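Asks: When the count follows the UniProt record's numbering, it moves up by one through the sequence shown with no breaks and lands on 72 for the last residue.
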Amino acid sequence: MHPSKVEGICDICGSKLVQRGDDSDENAIKQRLAIYDEKTSPLIDFYTKKGVLVTEEVSEKINRLGKEAAED
1 MHPSKVEGIC DICGSKLVQR GDDSDENAIK QRLAIYDEKT SPLIDFYTKK
51 GVLVTEEVSE KINRLGKEAA ED
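Spelled out as structure tokens, the structure:
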């Protein structure tokens, strides 16, 4: 995890960062990620089979996309 350059402010879009009370508990984070994966993976398969899932490689575009999303 990399802290933001300005505490409490998103480096990408400049919005206020919100931190959950249990974000400092590593086990809580691992559990949330496991639940997210368990619930999300079936949806990816479902929409892929329907032919409606759109994916895009964004690793090089993440800063631009973050700024565009913040503008919407």
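Every residue, glycine too, gets a C-beta built ideally from N, C-alpha and C.
Since the model is a prediction, treat every value here as computed from it, not as a measurement.
Given this structure, state the Cα-to-Cα distance separating I12 from N63, to the nearest angstrom.
Replies: Spanning the two alpha carbons is a distance of roughly 6 Å.
Asks: Given a cut-off of 8 Å on the beta-carbon distance, is the pair L53 and I44 in contact?
Replies: Contact: yes.
Asks: In the DSSP assignment, find the alpha helix (DSSP H) that holds I29 and state where it starts and stops.
Replies: It spans 26-50 - the alpha helix (DSSP H) in which I29 sits, taken as one unbroken run.
Asks: If you run the structure through DSSP and keep just helix, strand and coil, what is K16?
Replies: Three-state DSSP puts K16 in a strand.
Asks: Cutting at 8 Å between CB atoms, please list the residues of its own chain near K16, excluding the five before and the five after it.
Replies: G8, I9, C10.
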